[in-house]
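Data block below; observations after.
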Amino acid sequence: MSNNDHGLVRCNEKDHKTLLIFRKGINDSNGQLSTWSTEKDCCTWEGVHCDNITGRVIELDLQAQSLKGEINFFILKLEFLSYLDLSYNEFDVIRIPSIQDNITHTSNLLYLDFSFNLYVSSLSPVDTLHMDNLDWLSPLSSLKYLNLSGIDLHKETNWLQAVNTLPSLLELHMSDCNLNNFMLNPSIEYLNLYSLVTLDLSNKNFTSRLPNWFFNLTKDLTYLDLHSSNIHGEIPSSLLNLQNLRFLDLSYNQLQGSIPDEALNLGENKFSGTIPINMSQNLKVVILRDNQFEGTIPPQLFNLPYLFHLDLAHNKLSGSIPECVYNLTHMVTVHEQSWVDTPIELFTKGQQYYVYDTNPYRRTIDLSANNLYGDVPLELFRLVQLQTLNLSHNNFIGTISNSIGGMKNMESLDLSNNKLCGEIPQSITLLNFLGYLNLSYNIFNGKIPIGTQLQSFDSSSFIGNPKLCGAPLNNCTTVEENPKTAMPSTDNEDDDSIRESLNLGMGAGFAVGFWGICGSLVLIRKWRQAYYRFLNGVGDKLYVTLMVKLNSFHRK
1 MSNNDHGLVR
11 CNEKDHKTLL
21 IFRKGINDSN
31 GQLSTWSTEK
41 DCCTWEGVHC
51 DNITGRVIEL
61 DLQAQSLKGE
71 INFFILKLEF
81 LSYLDLSYNE
91 FDVIRIPSIQ
101 DNITHTSNLL
111 YLDFSFNLYV
121 SSLSPVDTLH
131 MDNLDWLSPL
141 SSLKYLNLSG
151 IDLHKETNWL
161 QAVNTLPSLL
171 ELHMSDCNLN
181 NFMLNPSIEY
191 LNLYSLVTLD
201 LSNKNFTSRL
211 PNWFFNLTKD
221 LTYLDLHSSN
231 IHGEIPSSLL
241 NLQNLRFLDL
251 SYNQLQGSIP
261 DEALNLGENK
271 FSGTIPINMS
281 QNLKVVILRD
291 NQFEGTIPPQ
301 LFNLPYLFHL
311 DLAHNKLSGS
321 IPECVYNLTH
331 MVTVHEQSWV
341 DTPIELFTKG
351 QQYYVYDTNP
361 YRRTIDLSAN
371 NLYGDVPLEL
381 FRLVQLQTLN
391 LSHNNFIGTI
401 SNSIGGMKNM
411 ESLDLSNNKL
421 CGEIPQSITL
431 LNFLGYLNLS
441 YNIFNGKIPI
451 GTQLQSFDSS
461 SFIGNPKLCG
471 APLNNCTTVE
481 ENPKTAMPST
491 DNEDDDSIRE
501 SLNLGMGAGF
511 AVGFWGICGS
521 LVLIRKWRQA
531 YYRFLNGVGD
541 KLYVTLMVKL
551 NSFHRK
């Protein structure tokens, strides 16, 4: 419908004639363009929008009107046209006049969508619109949005050069276009794609490699879709230059090799399948959160010698945590290393932070919101340099090892929403830097250990454990007056270790007592003489008593 609401200005006569010429090539069997007649003001026609002051046509929106026939590029002679959408119709011909200069005078065009015009042909149940070249794009210097998806462009070998004539372009959608390659004409010194924010070249487009220079041209990209494009070879290292990327889909291609550099940040995409095992041994940061990865956590991931930030949260991973997690040596001992110049979203202490440089001294493991199960391996609690650990929203079982008290640098610990059981180990009170703790919604029982920090946390840190009591829950019937002394353990507390400690204690006590007495008798003369007198006295008494008993017996 028209946007000429005030009815003050009629359609420009020149625009009126241009629209009628465009209308001649359209087969409108459903009568969608019944309002397009010579007698009516063109600003009242279906899909036509005019400027209320000048009366010039500024928009033509005929999306999904079941229109057939030809798209006549004569429509581009509308000088003030800023929006043109002919998508999702059944056009089968594009008519481009032979004299290019006579058709494109509209430098005001900002939005152009010819996508997905499918029609029934004699050769195929469904065919697509064909276009031999994109030379007509060059005058559209103000264009910000271009969607040619579904148009067959297999004859256009210079599509990159054509796009290069659009310096203001923000969004380019060319999926299902049968593009052949990424070849760049040697006459072009550089591509001007720096403004691009969205790029979709997906679905049956290429049979070539991704050139390494490609991602250097589009550093502001936030959306990149190259799925199902027959791309092969290695992933270019320049992919990591896309620091603003929020969506990336490289699925269903033939990519191979390792992903280079020190940081791998592919978070918040739609990657599926298993986590790749061929990664650079130099990786320090691995972020794969918010994807659709399945399968188990590959042990190779824990053999990266420099890794200090691992984030696999919000995927579909299953299985247990490999015991080789202890091989993350940078989380066990302090190593000098440089900062990683990559911005990341850091999730710690229940908050989300955006940091521009990754601190190698902030060691993090986040495996939350997956389908992981089994016991939490003892080796994980031996990563004594770890500062943030998040295992929440999984299916972990078993108890927490008392050796957790050795993780002296821990600042944020989240084990909530699992099936962990038993008592909370007393050694947890030794985590003096702990600023965030969440043990809620498990099966913990007994009393919350009394320590300098645990009672300062909100009760929400412990709720959802029906058999757990003590401050800050304050639901215990008695209060423990003499809490056990917290002692971190390096191994599991089993019966053998208890018996061994008891035997050692008894042996040590006997040795101390024996040598305490015997040593004093040997070294101190007065003690020795007094001891001998005592023994003589006892002997005399025993002798007298014995003789009296014997005399009494003989008399009888």
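Residue numbering for the sequence shown follows full-length UniProt numbering, beginning at 1 and increasing consecutively.
Note that CB positions come from ideal geometry on N, CA and C, so glycine has one too.
- Task: Enumerate in chain order the residues of its own chain whose CB-to-CB distance from residue 566 is below 7 Å, with the five nearest sequence positions on each side excluded.
- Result: Nothing about residue 566 can be read from this structure; the chain reaches only from 1 to 556.
*asked:* Along the chain, where does the alpha helix (DSSP H) containing K14 start, and where does it finish?
replied: Element bounds for K14: 13-24.
For D366 and L199, I'd like the C-alpha separation in whole angstroms. 31 Å
Margin query: What would DSSP say about M331, mapped onto helix, strand or coil?
Written below: Reduced to three states, the DSSP call for M331 is helix.
How would you call P236, buried or exposed, if buried means at least 16 neighbouring beta carbons within 10 angstroms?
Buried, since its Cβ has 16 or more Cβ neighbours within 10 Å.
Quiz item: What does DSSP give as the partner residues of I235 in its beta bridges?
Solution: None; I235 has no bridge partner.
- Is the CB-CB distance between S107 and S142 below 8 Å? Judged by beta-carbon spacing, S142 lies within the 8 Å limit of S107, meaning their Cβ atoms are closer than that value.
_Endpoints, the alpha helix (DSSP H) within which L160 is located_ = 159-163
So, D113 versus S82, is the Cβ gap smaller than 8 Å?
-> no
Taking just the CA atoms, how far does E59 sit from V9?
16 Å
Task: Separation of N253 from L170, as counted between CA atoms - done: 25 Å
*For W28 versus Q63, is the C-beta spacing smaller than 8 Å?*
Checking the sequence, you will find Asp at residue 28 rather than Trp. No.
> CA-CA distance, F381 and D311?
Replying inline: 17 Å
**Study point:** Segment limits, beta strand (DSSP E) that includes N395
**Key:** 395-398
| DSSP three-state call for I58: helix, strand or coil? | strand
### Query
Under the three-state reduction of DSSP, which class applies to T44: helix, strand or coil?
helix
Backbone secondary structure at C177 - three-state DSSP:
coil
For my contact list, G319 and T333 are in at a C-beta cut-off of 8 Å; report their separation, rounded to the angstrom. That pair is no contact at about 28 Å.
Practice task
From the DSSP output, read off the bridge partner residues of D311.
Solution key: I287, D366
Q: Just the C-alpha distance for S168 and L140, rounded to the nearest angstrom, thanks.
A: 10 Å
Rounded straight-line distance, which links the Cα of L255 to that of I428:
46 Å
Beta bridge counterpart(s) of Q453 as assigned by DSSP: DSSP output for Q453 lists no bridge partner at all.
* Asked: Taking Cβ positions, are K419 and N395 nearer each other than 8 Å?
  -> yes
How is the beta strand (DSSP E) around K316 delimited, first residue to last?
That run of the beta strand (DSSP E) goes 316-319.
(message) According to DSSP, simplified to helix, strand and coil, what is C421?
(response) C421 carries a strand assignment under DSSP once its states are collapsed to helix, strand and coil.
key: Between the CA atoms of T388 and L430 - distance to the nearest angstrom   = 16 Å
(message) I'd like to know whether the C-beta atoms of G47 and C11 end up nearer to each other than 8 Å.
(response) The answer is no: Cβ separation not under 8 Å.
| message | Check this for me: beta carbons of H314 and V285, under 8 Å apart or not? | response | no
_Tell me which residues share the same chain as L201 and place their Cβ nearer than 6 Å to its Cβ, disregarding the 5 neighbours each side in the sequence._
Taken in chain order, the residues that qualify are M174, L226.
Practice problem: Count the other C-beta atoms from every protein chain shown that fall within 10 angstroms of the C-beta of residue 571, then say buried if there are 16 or more, exposed otherwise. | Solution: Residue coverage of the chain in this structure runs from 1 to 556, which leaves residue 571 outside it and unanswerable.
Can you grab the Cα-Cα spacing for the pair S115 / H49, in whole Å? 21 Å
Any beta strand (DSSP E) of 3 or more consecutive residues that is wholly inside the region 58-99: Counting whole runs of 3 or more residues, the region 58-99 contains the beta strand (DSSP E) stretches 68-72, 83-85, 90-95.
Report task. Return the Cβ separation of L288 and G267 in integer angstroms, given the expectation that the two are a contact with Cβ distance under 8 Å. Result -> 6 Å
Exercise. So what does H49 bridge to, in DSSP terms?
Worked result: E59
Query - Sequence-distant residues of its chain with Cβ nearer than 6 Å to L19 (five each side left out) - result: C42
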